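The structure appears below as structure tokens.
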């Protein structure tokens, strides 16, 4: 028996040694290996290949399995985090407060890069926290209307073009919504991802939080009217699928699933989405015969469009953060940004790359002849910055619960939004009791009532550099 | 002699002991300590011992009670799962052809990936083209919206613990219960009953039959009392598992929704610890959950155990 155990132990050790020896080294000798946590959008591979071909000192590798703020924070604090990670406006303050995002303000200044002047203004909340910079925007986006030409032609309707209003949009969407004799939908006039609901709040003149972020203002008449219109698109005008109808249209999982594949599958005539939808919709083999054009999305009181995007930041705890900076600098250059535009991974975050023939007419995709629309709506982009006085996850959970009830037509919009605002405001007060530093900032803001620039909200943390 | 035996035994149990101390006992004790602190992964919140503050906050936390109610609601499926396991075990204890095949097939859900099963059930519950609603509609009945609905069979409210007539019906919680019962029926409970059935003395059964007892009377007066220790064990374990459960289902099938109706205490602990980074508070919830499970188990032992003696 002893012999058996010894042989087993020896074999296991030998196999472990062999596996360790055979493990592929992703970075060529002499290059610093860097790990980037991002989504598994197929375009990432191209972005990485471009960087790796250019860089003499670093080799970047994608890790799509550890995305998610919680994983990044916990792993980084435990010393096993990635070198670079993607985040967004809602999560950046949390990353800063957790001391995971590296303040690169001074590094950028040393190199003469002034992001505040170079990127789309609405992308600043993606990278700036308490006036300090923590990343470079990987892309920028505002949604527009994808038009399914075939369905419009079938209905004998002209393709819309902006600027136009939701009131002008409604009769068109109603004409393009087709139901069978039993009332079952065959085709919808309009389709959108529910998470873009703040678009309706800002277009109706409301805000999710007050300018200084100290109060949730979802209970304002403007916010209520905006969400009410969204609710009415489903239940009053019936041009957009209800959750049940949406589930019935569900097609497949994976990256780019949901509304995109439903739209690509000719289930709706108009799809409210970002330019990044094209990453999926360009797949001719998946969507044979799909013919698209784009129009500016309708607006209401204000011709503004919800701006969002991704930012790439450096893990402050990474021993290779200096080397990781090389990738962020690469992101400010032409190779990366022209690549973003060509790949349709939304829009380059630097407006200077969204001009000229190269951007407007991509010879590989000649049918995409409305790239000017994406640029124009981006210029009218308005961010929806989070409040620094409440965890964005907690706020999302509270809003999500109420919006679920709205989406399922189980609660009047006004009641739901008032309940959400009241609960979030109560949680803000609880957060302040726990966090003396935040309380100090909150009191200062309340007393001074400043009107900060977009993206210049105070951070949850100290906003310290290394 | 004993000292020598210990010296030999210790190296053998040391790896396991070290692993247990490091990865089980250590974190458990650590979580108990930090339950009395405000530990938060946000660096702006200075660490402080807060005494019973987390537990007081918990007492007033509306979400905790909502999710505790959800957790208790999910226990509704437990008696059906136990009864189903017993029924299957009784069937499989008969001398029929292909018994091994049946046993394997019925045990299949237990060794199939849970996530895969959940995705499968998600498709089955699709309100429009799912086969379940297809069958219900074919019978001329109104098909529920399953995972998209906040309704439930006892009319549990969505935003506060209590009865709400509008919520009466079938919804996400029931969908998860039905899936849980299906998974549990052919699982380890069935195997435990099968093993227990082989231990029922044949002479007792034969004696009852000789006295003229019919099948039901034999089961009611001979088999069932003989299975009492197994039933007791299964009940206790199901209570413990049920109170700790619901995480995977919430994560994979519903995201805790709609409107938080499928969020259980275990999912709430995850949310508080790893999404909101309130580690101290999450630890306090964990220890309250442990206390609830402990008390219920003690009550089970105290009162349930009496029925087991024969």
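Protein chains in written order, with the numbering used here: chain A, 123 to 588; chain B, 1333 to 1642.
Every residue, glycine too, gets a C-beta built ideally from N, C-alpha and C.
Remember, predicted model here, so these are calculated numbers, not experimental data.
Supposed close pair residue i, residue j - CB separation, criterion 8 Å
i	j	result
residue 545/A	residue 520/A	5 Å
residue 403/A	residue 386/A	5 Å
residue 1396/B	residue 1617/B	7 Å
residue 179/A	residue 445/A	7 Å
residue 452/A	residue 285/A	Contact flag wrong, Cβ pair sits at about 36 Å.
residue 204/A	residue 258/A	Not confirmed; about 16 Å, so no contact.
residue 1643/B	residue 1612/B	Residue 1643/B lies beyond the stretch modelled for chain B, which goes from 1333 to 1642, so this question has no answer here.
residue 475/A	residue 173/A	16 Å between Cβ atoms; not a contact.
residue 130/A	residue 1608/B	At roughly 45 Å, the Cβ-Cβ gap does not stay under 8 Å, so residue 130/A and residue 1608/B are not in contact.
residue 214/A	residue 248/A	7 Å
residue 1335/B	residue 1405/B	Incorrect: roughly 55 Å between the Cβ atoms, too far for contact.
residue 471/A	residue 260/A	7 Å
residue 467/A	residue 252/A	The Cβ separation is near 28 Å, so there is no contact.
From the options, residue whose alpha carbon lies closest to that of residue i
i	options	result
residue 360/A	392/A, 394/A and 312/A	312/A
residue 1578/B	1510/B, 1559/B, 1562/B and 1532/B	1510/B
residue 443/A	152/A, 141/A, 156/A and 138/A	156/A
residue 1480/B	1632/B, 1433/B, 1585/B and 1599/B	1585/B
residue 1515/B	1378/B, 1441/B and 1356/B	1441/B
residue 1361/B	1348/B, 1615/B and 1596/B	1615/B
residue 1408/B	1426/B, 1470/B and 1574/B	1574/B
residue 528/A	243/A, 218/A, 354/A and 182/A	354/A
residue 221/A	137/A, 438/A, 468/A and 229/A	438/A
residue 500/A	462/A, 367/A and 428/A	428/A
residue 1399/B	1356/B, 1597/B, 1474/B and 1634/B	1597/B
residue 1477/B	302/A, 364/A and 557/A	364/A
residue 441/A	126/A, 154/A and 135/A	154/A
residue 244/A	473/A, 392/A and 542/A	473/A
residue 209/A	343/A, 324/A, 223/A and 199/A	223/A
residue 1414/B	1383/B, 1518/B and 1471/B	1518/B
residue 523/A	283/A, 388/A and 317/A	317/A
residue 278/A	290/A, 232/A and 391/A	391/A
residue 291/A	383/A, 252/A, 394/A and 253/A	394/A
residue 609/A	362/A, 272/A, 344/A and 327/A	Because chain A here runs from 123 to 588, residue 609/A falls outside it and cannot be looked at.
residue 333/A	230/A, 226/A and 511/A	511/A
residue 425/A	167/A, 321/A and 410/A	321/A
residue 1508/B	1450/B, 1560/B and 1546/B	1450/B
residue 591/A	1604/B, 1629/B and 1438/B	Here chain A covers residues 123 to 588 and nothing more, so residue 591/A does not appear.
residue 1373/B	181/A, 557/A and 480/A	557/A
residue 211/A	477/A, 272/A and 431/A	431/A
residue 242/A	533/A, 191/A, 454/A and 186/A	454/A
residue 1403/B	1624/B, 1631/B and 1364/B	1624/B
Beta-bridge pairing of residue i - partner residues as DSSP gives them
i	result
residue 208/A	434/A
residue 259/A	433/A
residue 250/A	255/A
residue 414/A	270/A
residue 469/A	262/A
residue 392/A	269/A and 312/A
residue 422/A	In DSSP, residue 422/A forms no bridge with anything.
residue 428/A	504/A
residue 223/A	437/A
3 or more residues per run - each beta strand (DSSP E) lying fully within the region 303 to 371 of chain A: 307 to 314
Runs of alpha helix (DSSP H) wholly within the region 276 to 305 of chain A (minimum 4 residues, chain order): 288 to 297
Length at least 3, wholly inside the region 493 to 536 of chain A: the beta strand (DSSP E) runs in chain order: 503 to 505
Any 3 or more C-beta pairs closer than 8 Å across the region 410 to 426 of chain A and the region 264 to 278 of chain A: yes
Whole runs of the alpha helix (DSSP H) within the region 1471 to 1508 of chain B, excluding any shorter than 4 residues: none
Segments assigned alpha helix (DSSP H), at least 4 residues, entirely inside the region 1352 to 1411 of chain B: 1358 to 1366, 1385 to 1392 and 1394 to 1406
Secondary structure, alpha helix (DSSP H): runs of 4+ residues fully inside the region 131 to 192 of chain A: 165 to 176
Ordered list of alpha helix (DSSP H) runs contained in the region 1522 to 1568 of chain B, each at least 4 residues: 1534 to 1542 and 1547 to 1550
Contact the region 342 to 349 of chain A vs the region 299 to 307 of chain A: 3+ CB pairs below 8 Å: no
Inter-stretch contact at 8 Å, needing at least 3 Cβ pairs: the region 1366 to 1386 of chain B / the region 1522 to 1539 of chain B: no
Stretch-stretch touch, CB-based, cutoff 8 Å, three pairs: the region 1445 to 1461 of chain B with the region 1558 to 1568 of chain B: no
Cβ contact (3+ pairs, closer than 8 Å) linking the region 1479 to 1498 of chain B and the region 1587 to 1594 of chain B: yes
Completely contained alpha helix (DSSP H) runs for the region 1420 to 1447 of chain B, where each covers 4 or more residues: 1431 to 1443
Segment contact flag, the region 455 to 465 of chain A with the region 529 to 549 of chain A, C-beta cutoff 8 Å, min 3 pairs: no
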